[in-house]
Amino acid sequence: MVLVATLFSLFTVSLCRSIPRSSPSSSPYTQATDLKIHDPTVINANGAYYAYGVGEHIVIHQAPGLAGPWKQIGSVLDKDSIIPKGDRAKPWAPTTIEVKGTFYCYYSVSNAGCRDSAIGVATSQSPGPGGWTDHGAIVQSGTGQGSDEHPFNEVNAIDPAVLVTGDKGHLVFGSYWSGIWQVPLNEDFSSVGNTTGLNAHHLAKHPKTERVNSQDQNPDPLCRDSSGRRPVEGAYISYHAPYYYLWLSWGQCCDYDPNNLPPSGEEYSIRVGRSESPHGPFVDKQGKELTQGGGELIYGSNNDVYAPGGQGVITVETGDILYYHYSLYRYSTHSLYTFANLDFNQGCTLFIQ
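FYI, the numbering for the sequence shown is -16 to -1, 1 to 337, going by mature numbering (1 follows the signal peptide of the UniProt record, and there is no 0).
Right, here's the structure in full:
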């Protein structure tokens, strides 16, 4: 696809051999689209592309193609989320899917740095604004129904993604703390049923950063992790036969001070592991499980690109497309959206073009 090739020079990452970390001197330049968005989710429906992101009541943009031009057309919710916690006006990290003609938009409500969180869902018969019904919380952590059950008693229930296999849905979620988890959705794709004894799968965990943060001293036990900070979140699972790929946003997200950036390598980057099962275990090219801190670095800060993450994968006629947000080194307070081709060579080598 010529348009995508203009966004990236060929950038090869192998899951079968050693790969150097992306660096400003070795990685290709990224050209921005006209879409400013954080934690995007992108779908193709009714002959158009829709992007949903963080903003008042979950902002919706529409475009004729992935490259734009993008136009803001409204929001998912017409009022604050009905979940009584967190930032109800600006839910985080939405993920939108379509199942049998119904659109499901999963979203997070929380407060930064704390795990008193919830994942909710809204449904509609149309991908655009208007007609969405907010069903409230599916799962909760910290406080609320089911928050004292495993794994919700140790996770931060934000950053939802949903993998569909056949007629089954699998909710993927997590941020910091014990990492990334997966639980089965009910047939309605809007609930998980009884959380007692829920069949939960642990997918990934950060090994812990040693750098001290002011959040580590927070007196609220729901706003600190006594075992240390473990910055991994924004998980997404895609499938390219014969493997499932678990994509992660690894490192510190957001609120970057251009004059006081995190130490190099501790900012957001995109990592991946693969498995023959949608439930894992997922491993990197060294065979290290992502629950043990593994994860292959696919794309990190380079040139003027800073802290890429919030990624997802969309399949189009030409193949699989990786999309994500990033900031600019020179102005790191806004998130921009872009995308790249994924090319799999016998399930072994991954090309980003």
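Even glycine gets a Cβ: it sits at the ideal position worked out from N, Cα and C.
- A direct Cα-to-Cα measurement between Glu217 and Leu232 gives close to 6 Å.
- In the DSSP annotation of this structure, Cys98 is not part of any beta strand (DSSP E), being labelled neither H nor E.
- The shortest CA-to-CA distance from Tyr33 to any of Ile42, Ala47, Pro24, Asp23 is the one to Ala47.
- Rounded to the nearest whole angstrom, the C-alpha separation of Leu206 and Glu301 is 45 Å.
- When secondary structure is reduced to three states using DSSP, Thr25 falls in the strand class.
- For Lys63 and Lys189, the gap between their C-alpha atoms comes out near 35 Å.
- Beta-bridge analysis with DSSP links Val139 to no other residue.
- A contact between stretches requires three or more CB pairs, one per stretch, nearer than 8 Å, and the segment 262 to 281 fails this requirement with the segment 44 to 60.
- Ranked by Cα distance from Phe173, the first of Leu182, Val148, Phe157 is Val148.
- In this structure, DSSP gives Gln56 an extended state, which the three-state scheme calls strand.
- By the neighbour-count criterion, in which 16 or more other beta carbons inside 10 Å mark a residue as buried, Glu40 falls on the exposed side.
- Put simply, the segment 131 to 140 does not touch the segment 284 to 298. Fewer than three CB pairs are less than 8 Å apart.
- Taking all protein chains in view, the Cβ of Thr299 is surrounded by fewer than 16 other Cβ atoms within 10 Å, so the residue is classified as exposed.
- Sequence-distant partners of Glu82 (beyond 5 residues in either direction) whose C-beta falls short of 8 Å from its own C-beta, in its chain, are Ile27, Ala29, Tyr88, Pro111.
- Under the three-state reduction of DSSP output, Thr322 falls in the strand class.
- Per DSSP, Ala188 is one residue of the beta strand (DSSP E) stretching across 185 to 188.
- Taking all protein chains in view, the Cβ of Pro215 is crowded by 16 or more other Cβ atoms within 10 Å, so the residue is classified as buried.
- For Thr180, there is no enclosing beta strand (DSSP E), since its DSSP letter is neither H nor E.
- Between Tyr252 and Pro78, the alpha-carbon positions lie close to 18 Å from each other.
- Contact between Ile221 and Tyr229 is confirmed by a C-beta separation of about 7 Å, below the 8 Å threshold.
- In the structure shown, the three-state DSSP call for Gln276 is helix.
- Listed in chain order, the non-local C-beta contacts of Val297 below 6 Å within the same chain comprise Ser222, Asp304, Leu306, local neighbours out to five positions each way being set aside.
- Collapsing the DSSP output to three states places Pro168 in a strand.
- Counting along the chain, the unbroken beta strand (DSSP E) around Leu155 starts and ends at 152 to 157.
- In the three-state reduction of the DSSP assignment, Pro265 falls in the coil class, being assigned neither a helical nor a strand state.
- Taking the Cα of Gly85 as reference, the smallest distance to any Cα among Thr107, Ser94, Ile142, Ile67 is reached at Thr107.
- In the DSSP assignment, Thr127 forms no beta bridge with any residue.
- Buried is the label assigned to Glu280, since at least 16 other Cβ atoms lie within 10 Å of its Cβ.
- In the three-state scheme derived from DSSP, where H, G and I count as helix and E and B as strand, Leu50 is classed as coil.
- The beta carbon of Lys74 is closer than 7 Å to those of Val38, Gly39, Glu40 in its chain, skipping five residues each way along the sequence.
- The beta carbon of Leu182 lies closer than 6 Å to those of Val167 in the same chain, with the five residues before and after it left out.
- Exclusion of the five residues before and after Gly293 leaves Gly218, Ser233, Trp234, Gly235, Cys237, Tyr252, Ser253, Ile254, Tyr308, His309, Tyr310 as the residues of its chain whose Cβ lies within less than 8 Å of its Cβ.
- For Asp304, the enclosing beta strand (DSSP E) covers residues 303 to 312.
- Just measuring C-alpha positions, the residue of Gln295, Val123, Asn329, Tyr91 sitting nearest Asn178 is Val123.
- DSSP places Cys89 within a strand segment (E or B) once states are collapsed to three.
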